[in-house]
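In what follows, a single structure is set out as structure tokens and then discussed.
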Amino acid sequence: MRACSQGSAGAERLSSLQVFANNSSLHGISHIFRHGSLSLRRVLWALFFLGSLGLLLLVCMERVNYFFTYPHVTKLDEVAAPNLTFPAITICNLNEFRFSRITRNDLYHVGQLLALLSDRYEIRSPHLAEPQLLAALRDKANFRNFKAKPFDMADFYNRTGECHPDPAPCIHSHALALAPALAPYPESPPTPKLPPRVSTLHPILCPNTQPHTPSCAQTPSPLG
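According to the numbering used here, the sequence shown holds residues 119 to 342 in order.
Structure below.
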């Protein structure tokens, strides 16, 4: 009696699953749980169903991971402005020391600090230097039979870092001579000729909050 009751309960459960599969709108499930013995058709439907379900879960996981990367799209619109206020600028010099005032002893002690020499006292990136400057650098970097002398950093700064072109002190109008087209205002005075010690090499633009008052401290020419 107990075996019969268990068999009838299993038949009821199977029958309920078949009823659910037949009434379900999920495509393919009704072909898997058909009434009757197991067949090749039911196995193929089960494989296709499980493969489709796995692909669906894989795509869902990929989309969820993509969402948590917080993707965004930046759109830029170009708008033509009739008039723009030109900012106040200062021409600054990247060359802190005048190369013509640097001696062989200076180069021996601070050549690596100035990024001119390597740790083996060889010229760094010679292909980037100008031919005239490279020839002078090679002459000063020739340390064969050279005996180094004591080095004074304060004397080095005072000797190579001054900014007093002949005959007048360095003022902002000298900087305007480097690039007169960058003058902040049209009413700027005519730019004088470039003093012999004001460098025109490697200028950069530095923001300045006060127009017509750029600082020229420590802006010597590397070529003297």
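For every residue, glycine included, the Cβ atom is placed at its ideal position computed from N, Cα and C. As the structure is a prediction and not an experimental result, all values here were calculated from the model.
Between the stretch 218-228 and the stretch 266-277 there are three or more C-beta pairs closer than 8 Å, enough to call the two in contact. For the 8 Å CB-CB criterion, ARG242 and ALA253 do not form a contact.
Judged by DSSP in its simplified three-state form, THR278 adopts helix. By the 16-neighbour rule on beta-carbons within 10 angstroms, PHE186 is exposed. Within the stretch 192-235, the beta strand (DSSP E) runs of at least 3 residues that lie entirely inside it are, in chain order, 207-211.
Close CB contacts of ALA139 within its chain, under the 6 Å cut and outside five residues either way in sequence, are with ILE147, SER148 and PHE151 (chain order). LEU251 sits close to PHE217, with the two beta carbons spaced by under 8 Å. The continuous alpha helix (DSSP H) containing PHE185 extends over residues 158-185. For HIS149, the enclosing alpha helix (DSSP H) has its first and last residue at 147-150. When rounded, the separation of the alpha-carbon atoms in THR203 and VAL177 is 53 Å.
The shortest CA-to-CA distance from HIS153 to any of LEU168, PHE167, VAL137 and ASN213 is the one to VAL137. Setting aside the 5 residues that flank it on each side, ARG256 is surrounded in the same chain by ILE241, each with a C-beta closer than 7 Å to its C-beta; the list follows chain order.
Within 10 angstroms of the beta-carbon of THR192 lie fewer than 16 other beta-carbons, which makes it exposed. Take SER142, set aside five residues on each side of it, and the residues of its chain with a beta-carbon closer than 7 Å to its own are SER148, in chain order. Taking C-beta atoms as the reference points, THR278 and ARG219 count as a pair closer than 8 Å. Separation of the CB atoms of PHE261 and VAL228 is rounded to 14 Å, and the pair is thereby denied contact status at 8 Å. Classified as exposed, LEU165 has fewer than 16 neighbouring CB atoms from the shown chains inside 10 Å of its CB. When rounded, the separation of the alpha-carbon atoms in ALA259 and PRO249 is 15 Å. In this model, ARG159 and PRO189 are separated by some 44 Å (Cα to Cα).
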